[in-house]
Amino acid sequence: MLLFFPSRPEYGEIERIVHAVIKTLGHQFSGFVDDLIGMQPRVQALEDNLRLNSNSDNIQVLGIWGMSGIGKTTHATVLYDKISHRFDASCFIENVSKLYKDGGNTAVQKQIIHQTLDEKNLDVYSPFEIAGIVRNRLHNIKVLVVLDNVDQLEELQELAINPKLLFKGSRMIIITRDEHILKVYGAHVIHKVSLLNDHDARKLFYTKAFKSEEQSSSCVELIPEVLKYAQCLPLAIRVMGSFLCTREADEWRDILNRLENSPDNKIMNVLQISVDGLEYEEKEIFLHVACFFKGERLDYVKRILDCCGLYPLIGVKRLIEKSLITIRDQEILMHDMLQNLGKKMVRDRSPEEPGSRSRIWLYKDFFHVLTTETGTENVKAIVLSQKRKNSEYNVNGLSKMKRLTLLILYHSKFSGNLDYLSDRLRYLLWHDYPFSSLPPYFTASNLVELNMPNSRIKYLWEGRKVP
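Numbering (full-length UniProt numbering), first residue to last: 1 to 467.
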């Protein structure tokens with residue numbers, strides 16, 4: 001038996017041919033077989049946006065945008081597997097933000113060069129030389145560049161890639177949670193990834209929650225509650241399905257009950273990344289919306305936020321750009337998972353004692369804080385949007401909340417004396433205010449808006465006001 005061993009040049013040529021064949025065949029949907037529920041039409045829509053078969057070359061940069069956990073990376077990966085063979089070279093740079101933080105723009109550039117040009121030993125080059133390779137060689141071939149998880153505009157601007165100078169037929173795909181980055185960079189098409197429809201959400205849950213076609217009828221009965229909690233967010237559906245898999249129905253019920261006050265950490269940790277990048281005022285607006293104002297009229301909320309000094313014109317816009325809120329019919333909307341995150345952030349500062357949290361929105365917490373007089377200077381806002389009948393509260397507890405800036409109450413039954421309200425109070429709305437005057441030790445020095453419909457107030461202060 002004769003064995004033929006090709007010479008080194010022949011072996012190298014064979015290896016190149018094999019790689020070329022594999023590249024041409026593609027790896028469509030590799031690694032995502034279980035998660036491709038409803039994916040193919042979505043990926044086709046992305047491919048259509050790239051206009052790869054168009055004679056004109058007006059589309060060079062496609063932006064993929066949406067909230068955390070919605071499947072942006074999955075969409076892009078499947079798209080990349082499907083079309084990358086149509087380019088002379090291609091790269092999929094995972095987690096650009098982390099690469100940039102760890103090694104600056106040079107680290108990102110090295111990954112691009114390594115994947116597209118198959119260059120090795122890049123550490124021998126200076127940062128200036130690395131940028132030169134990107135600038136001079138990448139613009140001379142038909143290339144597909146996918147940049148995943150871009151958090152800052154600088155991560156794109158410092159790459160030495162000019163989309164306008166890319167070789168004919170080249171494409172860039174940028175994946176981000178921040179629409180503003182795509183607009184400033186000049187993305188030709190911005191595609192917002194949508195939530196799953198109800199049918200696909202249920203189908204995806206089945207693939208994760210059940211190992212076989214046999215399902216407990218008692219578990220099946222609880223599926224609508226699980227899907228209501230997940231709100232068609234792919235991340236939440238996958239996490240919940242995997243966690244519930246092989247468990248009994250009574251365990252499902254126990255988990256659902258626990259989630260009411262303790263959201264799943266795997267889901268929350270992913271969503272938290274979007275909030276961590278917010279400015280102080282933007283984060284305050286996010287927490288206000290999550291705890292108080294979801295579903296409220298935009299103009300009403302903006303007026304309150306403006307009174308509180310939170311610059312809502314730019315702040316609300318940034319939350320929209322970061323996919324943290326949406327506006328529909330002039331109402332502020334927020335995904336339930338993001339609302340859960342905001343409330344969790346507030347509760348986590350003081351899990352056992354609501355009087356040490358920044359915000360109070362539940363009547364049971366308000367009752368506890370006033371009854372036990374455990375309110376602290378940490379409390380910055382109280383908004384109770386529903387009137388509770390047959391409940392009486394000891395008003396003395398309000399006097400300890402010296403940093404209170406926002407107070408909205410719908411209640412008239414209070415015991416005790418209201419001698420003091422925070423001098424930092426900027427917005428005060430109290431329906432059915434039960435006293436004949438404002439507190440004598442309330443200076444109102446920072447008050448921007450005072451609204452007391454149906455109040456019993458007769459004069460601002462009783463007697464001579466104490467300075």
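Virtual Cβ for every residue (Gly too), placed ideally from N, Cα, C. Owing to the predicted nature of the structure, the values given are computational and were not obtained by experimental measurement.
One Cα belongs to ASP57, the other to VAL150, and the distance between them is close to 24 Å. Shown here for GLY277: same chain residues with a beta carbon closer than 7 Å to its own, the five before and five after excluded, namely ASP151 in chain order. Annotation for CYS307: the continuous alpha helix (DSSP H) segment containing it runs 298-307. For VAL383, the enclosing beta strand (DSSP E) has its first and last residue at 381-383. Less than 7 Å separates the beta-carbon of LEU156 from that of TYR185.
A residue is called buried when at least 16 other Cβ atoms come within 10 angstroms of its Cβ; ASN121 does not meet this threshold and is exposed. Under DSSP, ILE408 forms a beta bridge with VAL383 and LEU429.
The three-state reading of DSSP puts GLU377 in coil, since its state is none of H, G, I, E or B. The beta carbon of GLU353 sits closer than 7 Å to those of THR374, all from its chain and outside the five residues before and after it, given in chain order. For ILE112, the enclosing alpha helix (DSSP H) covers residues 96-117. Remark: C-beta atoms of TRP461 and SER437 approach each other more closely than 7 Å. Exclusion of the five residues before and after SER216 leaves ALA249 as the residues of its chain whose Cβ lies within less than 7 Å of its Cβ. In terms of Cα proximity to ALA201, the closest of CYS232, GLU331 and SER84 is CYS232. Of the residues ILE174, VAL289 and GLU282, the one whose Cα lies closest to the Cα of ASN95 is ILE174. Contact annotation: the region 61-70 touches the region 322-329, with at least three C-beta pairs closer than 8 Å.
At a Cβ-Cβ threshold of 7 Å, ILE141 and ILE113 do not count as neighbours. As the crow flies, the alpha-carbon of ASN417 is around 58 Å from that of TYR100.
Residue burial annotation: HIS335 is buried, with at least 16 other C-beta atoms found within 10 angstroms of its C-beta. Out of TYR393, GLU279 and SER350, the CA that lies nearest to the CA of GLU377 is found in SER350. VAL143 and LYS208 have their C-alpha atoms roughly 36 Å apart. The DSSP-derived three-state label of MET337 is helix. Using a Cβ distance threshold of 7 Å, VAL146 and PHE92 count as a contacting pair.
Secondary structure note for VAL193: it is in no beta strand (DSSP E), with a DSSP letter that is neither H nor E. Taking C-beta atoms as the reference points, ILE332 and VAL301 count as a pair closer than 7 Å.
The beta-carbon distance between LEU406 and ALA381, rounded to whole angstroms, is 4 Å. This is short enough to meet the 8 Å contact definition.
For GLY63, DSSP records a beta bridge to ILE174 and ILE190. The three-state secondary structure of TYR363, taken from DSSP, is helix. The continuous stretches of beta strand (DSSP E) do not include LEU204, which lies in the alpha helix (DSSP H) extending over residues 198-209.
Taking the Cα of LYS283 as reference, the smallest distance to any Cα among HIS139, LEU305, GLY104 and ILE59 is reached at LEU305. Counting the other Cβ atoms within 10 Å of the Cβ of CYS245 gives fewer than 16, which makes it exposed. The criterion of a C-beta distance shorter than 7 Å is not satisfied by SER399 and TYR433. Within the same chain, Cβ atoms closer than 8 Å to the Cβ of ARG359 are found at LEU287, HIS288, CYS291, PHE292, VAL346, VAL379, LYS380, ALA381, ILE382 and VAL383, the five residues on either side in sequence being excluded. LEU313 is not a Cβ neighbour of ILE285, given a cutoff of 7 Å.
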